[in-house]
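Visitor: Chains as they are written, first to last, in UniProt numbering: chain A, 1 to 319; chain B, 1 to 319.
In this text, a Cβ means the ideal position worked out from N, Cα and C, and glycines have one as well.
In structure tokens form, the structure reads like this:
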């Protein structure tokens with residue numbers, strides 16, 4: 001660890017007192033790993049993340065195994081996780097079949113994933129934006145009608161390419177707002193606004209959030225999901241916090257494939273986020289030391305160092 | 001390059017229209033390189049940085065060669081740079097002897113470097129904070145009394161460890177303000193507030209800037225110098241811009257030693273900064289493509305990839 005007392009907590013005006021981190025490392029972080037990660041390692045990863053104080057740990061995906069072979073063990077993994085008090089374990093569901101599998105195993109939180117651009121909708125879902133929305137509509141409706149452990153199932157709507165698209169360039173804000181509204185109208189409880197290729201900058205983030213405000217979308221139903229491909233994720237997060245956003249997606253250790261790959265991943269590292277939030281005096285419930293240890297352990301499992309700057313700085317100093 | 005039109009320029013309220021980047025790659029970036037970089041390569045680096053649109057390119061240091069062997073060629077390098085129209089080429093001077101050498105070569109801008117903490121003053125200058133200030137006072141006075149090309153010499157005061165110190169932990173703000181005032185009182189034209197170990201977060205940055213305001217320090221005499229050791233540099237920069245700061249230090253390609261070394265370097269990469277500034281619609285005068293090409297070229301000279309996320313993303317896409 002670095003010198004004691006760092007980061008020094010100095011609050012800034014107009015920021016929320018507490019942020020909920022939606023941890024995506026076990027799903028979004030692992031899904032593009034080529035070498036198969038053993039199911040037991042995944043389960044330990046989720047358990048360690050929860051033990052580090054993360055209260056929302058996205059666990060896996062019930063996408064067809066053909067598309068995401070790494071997560072083909074969802075049916076075996078999910079029961080291994082058990083019921084962790086105070087911790088949500090959402091899972092991705094692409095369609096009716098995925099929802100059935102998730103609900104049958106007792107999942108209480110599910111997520112669907114749409115695209116703000118036609119190019120990515122075609123590439124990722126082989127559909128137009130509206131065809132994808134039409135596909136999700138009955139899934140969301142059935143999820144909302146379901147009950148798990150005497151609670152209504154909570155549905156998150158991921159929206160990719162909210163700022164830039166690798167084929168289309170800048171994405172017009174009204175186009176993003178339209179799909180956000182459609183996801184909320186069909187019953188999603190919250191949205192996750194994704195900067196899938198990491199090109200957004202703070203003014204763009206604020207402009208999209210302002211446009212959603214104007215359309216009456218409550219800020220507490222919005223999460224932000226920034227990628228660090230161009231190093232912008234934390235600055236964008238700061239802007240979102242200044243707007244009042246309190247849900248931020250991040251991936252332990254910055255897992256999420258190589259940030260230099262054409263697939264343009266490079267998730268915001270949870271540790272880098274926690275460093276900033278704790279420095280701002282914002283509560284997260286996370287124990288940064290335990291989280292860093294978890295990412296160092298996972299990096300060993302994957303056989304390469306974490307791209308998180310905070311993990312590298314802290315783990316170097318510990319060694 | 002990525003898709004055309006990215007980053008999309010979306011201004012945010014309350015930010016300056018233009019930022020002056022103080023490029024430190026050729027001095028701060030190279031000074032800890034172990035393998036000697038040929039003088040001609042350094043000269044080409046400075047010329048390429050200027051050609052990419054950077055108007056302040058810190059060129060070298062007139063520190064005793066024993067302390068910074070990499071920059072022992074300052075006397076040979078500086079004349080090679082020539083006079084580049086519209087471009088300042090400041091140099092570091094530690095003492096009278098360094099100042100003499102710099103002035104003899106026609107340097108018009110010089111910089112001294114103080115510490116906000118006793119531990120680092122001892123480690124870096126083998127003096128107390130006040131002894132170091134006493135050492136710089138006559139240097140600054142002589143520099144200010146000097147003329148070069150019919151202009152008064154401009155003096156920058158670097159201040160290290162403004163936020164955290166590896167031995168002392170968090171650095172009290174009044175302690176930093178006191179040294180800032182001393183540097184200005186002795187005649188420094190501008191300050192560079194350094195987060196030498198990269199631990200600052202945005203609230204801390206704003207609190208220091210507010211404290212300087214209270215003491216009547218004009219914001220236009222303040223530059224910020226953030227390190228990306230914990231990934232915080234751009235978020236801190238955004239906070240500083242929101243306060244009105246318009247001078248930001250950065251290092252092309254993120255040069256500045258291994259960000260994981262105990263020496264805790266890891267300069268903010270100029271390219272990551274430019275991506276954010278241009279995304280915010282803030283003018284820099286920099287051609288990001290040319291700058292990235294320069295950093296890729298320099299990385300080849302040094303034999304390892306740039307740590308800048310933007311350089312990696314853009315150069316991958318170009319390949």
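1. Would the region 61-68 of chain B and the region 98-108 of chain B be scored as touching if the rule is three or more Cβ pairs under 8 Å?
2. Counting C-beta neighbours from all protein chains within 10 Å, is the total for residue 275 of chain B 16 or more, i.e. buried, or is it exposed?
3. At 4 residues or longer, what runs of the alpha helix (DSSP H) sit wholly inside the region 244-307 of chain A?
4. What is the rounded straight-line gap between the Cα of residue 163 of chain B and the Cα of residue 128 of chain B?
5. Is it buried or exposed, residue 90 of chain A, if we count other Cβ atoms within 10 angstroms and call 16 or more buried?
6. What would DSSP say about residue 90 of chain B, mapped onto helix, strand or coil?
7. Using the beta-carbon of each residue, which ones in chain A are nearer than 7 Å to residue 203 of chain B?
8. Does any residue of chain A bring its CB to less than 8 Å from the CB of residue 290 of chain B?
9. Drop a sphere of 10 angstroms on the beta-carbon of residue 215 of chain A, count the other beta-carbons inside from all chains shown, and report buried for 16 or more, exposed for fewer.
10. Output, in sequence order along the chain, the residues in the region 191-218 of chain A whose CB is closer than 8 Å to any CB in chain B.
11. Tell me, to the nearest whole angstrom, how far the beta carbon of residue 227 of chain A is from that of residue 198 of chain A; I am working on the premise that it is less than 8 Å.
12. Does the pairing of the region 24-33 of chain A with the region 70-90 of chain A give three or more beta-carbon distances under 8 Å?
13. Taking 7 Å as the limit between beta carbons, can you name the residues of its chain near residue 319 of chain B, skipping five residues before and five after?
14. What three-state label does DSSP hand residue 173 of chain B in the structure shown?
15. With a threshold of 7 Å on Cβ separation, who are the neighbours of residue 259 of chain B within its own chain once the five nearest residues in sequence on each side are excluded?
16. Against chain B, with Cβ distances strictly below 8 Å, would residue 276 of chain A count as a contact?
17. Ignoring anything shorter than 4 residues, give me the alpha helix (DSSP H) runs that lie fully in the region 149-232 of chain B, in order along the chain.
18. With three or more C-beta pairs closer than 8 Å as the rule, is the region 43-58 of chain A touching the region 282-295 of chain A?
19. Is the Cβ-Cβ distance between residue 189 of chain B and residue 236 of chain B less than 8 Å?
20. Anyone know if the C-beta pair for residue 48 of chain B and residue 92 of chain B falls short of 8 Å?
21. I want to know whether the region 143-159 of chain A touches the region 200-208 of chain A - three or more CB-CB distances under 8 Å.
22. Could you confirm whether any beta carbon from chain B is found closer than 8 Å to the beta carbon of residue 303 of chain A?
23. Since residue 18 of chain A is in the beta strand (DSSP E), which residue starts that stretch and which ends it?
24. Report the rounded CA-to-CA distance for residue 138 of chain B versus residue 96 of chain B, giving the unit in angstroms.
25. How many angstroms separate the CA atom of residue 305 of chain B from the CA atom of residue 25 of chain B?
26. Got a sec: which bits of the region 229-241 of chain A sit with their beta carbon under 8 Å from any beta carbon on chain B, in order along the chain?
27. How is the beta strand (DSSP E) around residue 68 of chain B delimited, first residue to last?
28. Report all residues from its chain with a CB closer than 6 Å to the CB of residue 225 of chain B; omit the five preceding and five following residues, and keep chain order.
29. Between residue 279 of chain A and residue 7 of chain A, how many whole angstroms is the CB-CB distance? I'm expecting something under 8 Å.
30. Report the option in B:113, B:301, B:283 whose CA atom is closest to the CA atom of residue 18 of chain B.
31. Would residue 187 of chain B and residue 240 of chain B be called neighbours here (beta carbons separated by less than 8 Å)?
32. Taking only beta-carbon positions, decide if residue 310 of chain B is within less than 8 Å of chain A.
33. Please go through the region 118-153 of chain A and give each complete alpha helix (DSSP H) segment of 4 or more residues, from N-terminal end onward.
34. Output the distance between the C-alpha atoms of residue 115 of chain A and residue 170 of chain B, rounded to the nearest integer angstrom.
35. Using a Cβ-Cβ distance cut-off of 8 Å, determine whether residue 25 of chain A contacts chain B.
36. If you compare alpha carbons, which of A:246, A:303, A:178, A:219 is closest to residue 255 of chain A?
Guide: So, from the data block:
1. yes
2. buried
3. 270-279, 288-302
4. 18 Å
5. buried
6. coil
7. 10, 11, 12, 279, 280, 281
8. no
9. exposed
10. 197, 198, 199, 200, 201, 202, 203, 204, 206, 207
11. 4 Å
12. yes
13. Since pLDDT at residue 319 of chain B reaches only 41, below the 50 mark, its modelled position is unreliable, and no value is offered.
14. helix
15. Confidence at residue 259 of chain B is low in this model, with a pLDDT of 45, below 50, so its placement is unreliable and no value can be given for it.
16. yes
17. 173-185, 202-214
18. yes
19. no
20. no
21. no
22. no
23. Looking at the DSSP string, residue 18 of chain A is not in any beta strand (DSSP E), and its letter there is neither H nor E.
24. 8 Å
25. 15 Å
26. 229, 230, 231, 232, 234, 235, 237, 238, 239
27. Neither: residue 68 of chain B is in no beta strand (DSSP E) and is coded neither H nor E.
28. 192, 194, 249
29. 4 Å
30. B:283
31. no
32. yes
33. 129-145
34. 44 Å
35. no
36. A:303
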